[in-house]
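Residue numbers (the working numbering): 6 to 180. We put the beta carbon where it would ideally sit given N, CA and C, even for glycine.
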């Protein structure tokens, strides 16, 4: 009996040490950079409507990750609303991804903030972290500007002045 147990343990150790070859790289492990294709996802927005990123091809998308406890994120959301209103008829989509969990910020609190702030662009709730993981987002705020072909044009890893000359030129070149 002891020999059988030892052999089973050795067999298990041997099998456990083999790497499983994965020919397809997971998008969740990609390092995203300008020029990379944007990772597609399907989520329901705060009103229950489906939002699939790939269906926005032909438009410029600002994919913005934020949290309720991040005051600079909330300030930036208001700036993004102005940018969205100014450019939505030109093909600009702003999709904000709230990366809070149910415990860190109840959905009712998020909705209340959006309503009180007059935010009208698309808002998604990523309380399981799927979209944040796909985009390797570790902190907020963070934004990805996605061009009309579905490629990442720029990544903003800190608070962004969307009205700056540099960002205005970037968006103008993409729109």
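Notebook entry, point to check: Considering only residues of the stretch 124 to 151, which uninterrupted alpha helix (DSSP H) runs meet the minimum length of 4 residues and lie entirely inside it, listed in chain order?
Noted result: 135 to 139
Next item on the list: Flag residue 116 as yes if its beta-carbon sits less than 8 Å from any beta-carbon of chain C, otherwise no.
Entry: Among the chains of the structure shown, chain C does not appear; only one protein chain is present.
Notebook entry, point to check: Under a Cβ-count criterion, where at least 16 other Cβ atoms within 10 Å of its own Cβ denotes burial, should residue 131 be classed as buried or exposed?
Noted result: buried
Margin query: So, for residue 127: in the same chain, excluding its five sequence neighbours on each side, which residues have a beta-carbon less than 8 Å away from its beta-carbon?
Written below: 50, 56, 98, 99, 100 and 101
Notebook entry, point to check: Going by the CB atoms, is the gap between residue 175 and residue 159 shorter than 8 Å?
Noted result: yes
Check: Terminal residues of the continuous alpha helix (DSSP H) containing residue 118?
Finding: 112 to 122
Check: Grouping DSSP H, G and I as helix and E and B as strand, with all else coil, what is residue 22?
Finding: Residue confidence is low: residue 22 scores 33 on pLDDT, short of 50, so the model does not pin down where it sits. No coordinate-derived value is stated.
Check: Distance, Cα to Cα, residue 67 vs residue 135?
Finding: 18 Å
Notebook entry, point to check: Among the residues of its own chain, which have a CB less than 6 Å from the CB of residue 161, if the five just before and after it don't count?
Noted result: 148
Check: Roughly how many angstroms separate the alpha carbons of residue 85 and residue 172, rounded to a whole number?
Finding: 12 Å
Item checked: Completely contained beta strand (DSSP E) runs for the stretch 61 to 93, where each covers 3 or more residues -> 65 to 71
Notebook entry, point to check: Taking all protein chains shown into account, do 16 or more other C-beta atoms lie within 10 angstroms of the C-beta of residue 39, making it buried, or fewer, making it exposed?
Noted result: exposed
Check: Less than 8 Å separating the beta-carbons of residue 145 and residue 71?
Finding: yes
Margin query: Give me the residue from 125, 133 and 114 with the minimum Cα distance to residue 90.
Written below: 125
Check: Roughly how many angstroms lie between the CA atoms of residue 114 and residue 179, to the nearest whole one?
Finding: 34 Å
Check: If you draw a straight line from the alpha carbon of residue 44 to that of residue 140, how long is it in whole angstroms?
Finding: 7 Å
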